[in-house]
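Have a look at the structure below, then the notes.
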Amino acid sequence: MDAKNLKKFEKEMNTCIRCAYCFEECPVIEQKGWDTDGARGKVALSYGLLSGDLEPTQSIADKLFQCTLCRNCESKCPSGVEVCDIITSARADLVEKGYASDIHNTVIKNIKETGNIYGDTEVMAPLQEGEVPLFVGCQYLSRPNKTKKYIKILEKLGINVKVGREICCGFPMEVLGFKEDFEEYKSRFTELYPHQTAITFCPTCTVFLKEGHEIDAKHVLQVILEKIPEGNLGMKATFHDPCDFSRTLKIIDEPRQILKKLGVEIVEMKNNKGNSSCCGGGGGILMSDSKLSDDIALARIRQAIDTGADTLITTCPTCETVLKKAATQIKELEGKDIVVRNIEDIIWKGLA
Ligand code: SF4
Ligand code: SF4
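Written as structure tokens, this is what we have:
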């Protein structure tokens with residue numbers, strides 16, 4: 380097939396030495412177990428599509444879409460293979476051949492027609508004048524209470540944010556294989572968000588404002604850490620590092636320092652910090668393969684329960700949603716209890 384997106388990564392694919400270190404702690408291979416579920420197999424499939432040894436089929440497309448883009452493989456790879464770039468390029472070539480799933484097509488149509496992933500035509504952004512530009516993002520715009528909480532926290536700490544009308548950053552276009560659509564969409568984004576800097580609420584928006592739009596984005600926790608006072612929450616909790624937070628942005632200490640200052644004792648899970656396990660919500664599988672997403676989330680919530688903490692704190696709205704569902708399932712399946720909270724709820728309580 381014409382594999383123009385994969386073509387750019389031909390050399391990259393050839394640096395794979397087939398050692399399989401990438402299989403260790405890949406959340407997909409842990410659940411499914413085939414070579415093609417891990418990075419090595421996905422790189423081989425991609426190379427086959429590029430060389431023409433493989434013709435695109437639905438089962439190849441399914442394998443290449445069954446990846447959370449968690450970057451665990453990249454952190455283990457001795458050859459530095461940029462697995463996620465290869466997989467998203469393979470997806471782009473497959474999408475051009477008509478292999479996008481219905482649900483992914485719908486999300487992209489929603490972004491193009493309404494500017495947000497949910498297709499909501501009446502997004503009520505908390506518009507306000509202020510000194511520092513804030514990018515709220517689709518996930519927080521759809522959770523107005525959480526957004527208000529974060530804005531109020533910033534106000535309490537003396538930071539006044541400016542909120543304007545905004546549209547999705549376009550990250551789903553890039554990772555679900557709609558790269559050409561993103562090229563067209565990018566100028567629409569810049570018209571509405573002309574700033575060179577941003578405070579962001581969502582780890583993934585933070586990454587994509589930097590990588591897709593060259594904006595100097597700072598996650599809100601990096602700003603909060605500079606100003607947070609001592610608190611006295613007296614809680615014990617475990618902490619889930621979202622993949623984009625710990626592996627892509629390398630923001631690892633900041634949330635832990637904030638929680639410690641507020642009086643939260645952190646008990647680490649088996650996989651933590653740069654070696655954190657994915658929640659199962661990334662890479663589009665939450666929409667296109669909910670069974671796989673649920674199974675990965677259950678494995679993660681079991682790690683949290685094993686710490687003995689009764690609360691899991693995270694910093695990403697998708698991780699929070701996915702892990703809350705897993706917490707409900709584990710209660711039904713095994714009678715075990717754990718409460719899942721996002722960090723703004725804890726900071727809000729700590730500043731009360
Ligand atoms: S760890 Fe890297 S080099 Fe080894 S098989 Fe996986 S992708 Fe290839
Ligand atoms: S990005 Fe994550 S899910 Fe995808 S192949 Fe690598 S380790 Fe597995």
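Letter by letter, the sequence shown follows residues 380 to 731 in the numbering used here. Just so you know, even glycine gets a beta-carbon here, dropped at the ideal spot from N, CA and C.
Range covered by the beta strand (DSSP E) that runs through residue i
i: residue 592; result: Run containing residue 592: none in the beta strand (DSSP E); it sits in the alpha helix (DSSP H), 582 to 592.
i: residue 597; result: 595 to 598
i: residue 720; result: 718 to 721
i: residue 643; result: 643 to 645
heavy atom of ligand 1 below 8 angstroms from residue i C-beta
i: residue 516; result: no
i: residue 419; result: yes
i: residue 426; result: no
i: residue 458; result: yes
Residues that residue i bridges to, as DSSP identifies them
i: residue 511; result: 540
i: residue 617; result: 691
i: residue 611; result: DSSP lists no partner for residue 611.
i: residue 579; result: 514 and 598
CB contact below 9 angstroms: residue i versus chain D
i: residue 465; result: Within the model displayed, chain D is absent; a lone protein chain is all it includes.
Start and end residues, alpha helix (DSSP H) containing residue i
i: residue 434; result: Careful: residue 434 lies outside any alpha helix (DSSP H) and carries neither H nor E.
i: residue 407; result: 406 to 411
i: residue 700; result: 696 to 713
i: residue 636; result: 632 to 640
i: residue 389; result: 389 to 393
Closer than 8 angstroms: residue i CB and nearest ligand 2 heavy atom
i: residue 397; result: no
i: residue 407; result: yes
i: residue 447; result: yes
i: residue 466; result: yes
i: residue 524; result: no
i: residue 404; result: yes
i: residue 453; result: yes
i: residue 660; result: no
i: residue 547; result: no
Residue i and residue j closer than 9 angstroms at C-beta
i: residue 491; j: residue 560; result: yes
i: residue 694; j: residue 598; result: yes
i: residue 446; j: residue 622; result: no
i: residue 676; j: residue 555; result: no
i: residue 417; j: residue 398; result: no
i: residue 511; j: residue 526; result: no
i: residue 647; j: residue 618; result: yes
beta-carbon residue i near ligand 4 non-hydrogen atom, thresh 8 angstroms
i: residue 470; result: No copy of ligand 4 occurs in the structure displayed; its ligands are ligand 1 and ligand 2 alone.
field: Given 8 angstroms, three or more beta-carbon pairs between the stretch 453 to 472 and the stretch 684 to 699
entry: no
field: Inter-stretch contact (C-beta, 8 angstroms, three-pair minimum) for the stretch 439 to 456 and the stretch 707 to 714
entry: No, the stretch 439 to 456 is not in contact with the stretch 707 to 714.
task: Please confirm if the stretch 523 to 540 is in contact with the stretch 591 to 605, defined as three or more CB-CB distances below 8 angstroms between the two stretches.
output: yes
- request: Taking 8 angstroms as the threshold, find out whether the stretch 562 to 580 comes into contact with the stretch 536 to 546 through three or more Cβ pairs.
  value: yes
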